[in-house]
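Numbering (the working numbering), first residue to last: 854 to 1312. We treat Cβ as the ideally placed atom computed from N, Cα and C, and that holds for glycine. Because the structure is a prediction, the values reported are computed rather than measured. Okay, structure first, notes after.
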């Protein structure tokens, strides 16, 4: 794996959907870099500090959220002199997103008073009253034709279906939720999943015309759904809950066909490979060297820090998984499935149980079994699948990257002193990774995954 030099950043960073550009926020400046050379191709200056950026799907426009002001500014890569500023006045702006046609911006006002669709082609704008959420509750079909927007009025939740061409309301239907949490179209646009708040376990599947196809409720008492994720093939729906389980529904009957439990102790028989991160001190034999006492004394304090690497040890079962018991007297307990992501081929799911923050679980959906467990020294901050193949990369805020493939797991040292990987993102074509430290970033070129490839911590 090859790394670029580090560059300054002070906010969000995002690859363009066409995988050619990287947008980086540096306070109030928006820097657009070429992905291959990382040379600056455009530089835009905003009116305030940038707190959010999002590319349009055609990669021609990019919006910047200046939510402290609050205001939205949009820029064009093809026409740098073109500018756009959106200000809702006293209503404020809590969130903004692009429409699939890349020519409209949707903003949500403070206190969810209204959602506004702004056109870049003319001065027209359309309002949807009482959106349910600020950053959630809006989902677009993959073909870009329709938008589903959740609203709430008279203490009841509704879904508004809008055409993304005319922005007319095509239909409105009420949903059977107490307090709707979020909504997602399936990747093939055939169904809509809606789930209730954490106080009520309820997952609802609707057709685009508003018919309820299925209602799933695993249990009645206790905290409910925490995370939901469609498989890329649209055939499976994974539901993670506060009871530390994920349940996978199929798209034909909408029944559960797999339940995966995150146990505190893994016992045999178990086909999963268990990898544990351990320190690996480098043993340097310096007995043959002629070193002065002054040199030895000066470097004694830095030896441990300089010559420590990490590696994965393969552990035998049974093994006890490190876990934390959340305090019973505090709200929002750190437990339940807080992370669910699918591999691009829909064969694997990686999950993190928030009461086991240092452990990543990888499940094989084809074989309906646990494929692997990664036990880290530090809590897992981010994990992301390669968009092109079953390869998973994660970070823990240390100076290392961690990679898993069906053939094994590997530790990779980032070759910069004091560079802690706090977040990571894949480019859309899987060619490189963006690695973020607190005030800097770098990119890493990732080799193509081959069936018999061998990695080491030096790659």
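Mapping DSSP to helix, strand and coil, what is residue i?
i, result
"residue 1269", "coil"
"residue 945", "coil"
"residue 963", "helix"
"residue 859", "coil"
"residue 902", "coil"
"residue 1253", "strand"
"residue 889", "coil"
"residue 1000", "strand"
"residue 1156", "Its pLDDT being 45, under 50, residue 1156 is placed unreliably by the model, and the measurement read from it follows with that caveat. Residue state, collapsed to three classes: helix."
"residue 871", "coil"
"residue 1087", "coil"
"residue 939", "strand"
"residue 993", "strand"
"residue 918", "strand"
"residue 1302", "coil"
"residue 1176", "coil"
"residue 1310", "With a pLDDT of only 43 at residue 1310, under 50, the local geometry of the prediction cannot be trusted, and no value is derived from it."
"residue 1066", "strand"
"residue 878", "strand"
"residue 1120", "coil"
"residue 1093", "strand"
"residue 1295", "strand"
"residue 1074", "coil"
"residue 1220", "coil"
Pull the bridge partners of residue i from the DSSP assignment, please.
i, result
"residue 1127", "1168 and 1226"
"residue 897", "883"
"residue 1010", "1005"
"residue 1235", "1248"
"residue 1134", "1161"
"residue 1258", "1261"
"residue 972", "957"
"residue 907", "916"
"residue 866", "877"
"residue 1015", "1000 and 1022"
Taking C-alpha atoms, which residue in the options lies nearest to residue i?
i, options, result
"residue 1094", "1087, 1178, 920 and 1190", "1190"
"residue 1029", "1248, 1110 and 1064", "1064"
"residue 1043", "1249, 1127, 1284 and 1059", "1059"
"residue 1285", "1299, 1273, 1276 and 1291", "1299"
"residue 982", "992, 1234 and 963", "963"
"residue 1074", "1085, 1090, 1052 and 1056", "1052"
"residue 997", "1039, 954, 882 and 1020", "954"
"residue 1275", "967, 1235 and 1302", "1235"
"residue 1015", "1026, 926, 1006 and 1273", "1026"
"residue 900", "928, 893 and 885", "928"
"residue 874", "968, 859 and 909", "909"
"residue 1240", "965, 1281 and 1002", "1281"
"residue 1047", "1054, 1036, 1040 and 1041", "1036"
"residue 1097", "1049, 1205, 1120 and 952", "1205"
"residue 1077", "1022, 1009, 937 and 1188", "1188"
"residue 984", "977, 959, 1069 and 1295", "959"
"residue 976", "965, 994, 968 and 957", "957"
"residue 1067", "1090, 1084, 1024 and 1210", "1090"
"residue 1260", "1268, 1177 and 1245", "1245"
"residue 936", "952, 896 and 966", "896"
"residue 893", "917, 978, 860 and 1181", "860"
"residue 1313", "1161, 1171 and 1209", "The question about residue 1313 has no answer, for the chain in this structure spans 854 to 1312."
Start and end of the beta strand (DSSP E) containing residue i?
i, result
"residue 1078", "1078 to 1083"
"residue 1214", "1212 to 1217"
"residue 980", "978 to 982"
"residue 989", "Neither: residue 989 is in no beta strand (DSSP E) and is coded neither H nor E."
"residue 1059", "1056 to 1059"
"residue 1112", "1109 to 1114"
"residue 1276", "1276 to 1279"
"residue 926", "924 to 929"
"residue 1313", "Examination of residue 1313 is not possible in this model, given that the chain is present from 854 through 1312 alone."
"residue 1098", "1098 to 1103"
"residue 1205", "1201 to 1206"
"residue 1034", "1033 to 1038"
"residue 1285", "1285 to 1289"
"residue 1049", "1045 to 1049"
"residue 1194", "1190 to 1195"
> Is it true that the stretch 1187 to 1201 meets the stretch 1213 to 1231, where meeting means three or more beta-carbon pairs spaced less than 8 Å apart?
Replying inline: yes
>> Under 8 Å: do the stretch 939 to 946 and the stretch 988 to 1003 share three or more Cβ pairs, one atom per stretch?
In response: no
> Do the stretch 887 to 903 and the stretch 859 to 879 meet, that is, are 3 or more Cβ pairs less than 8 Å apart?
Replying inline: yes
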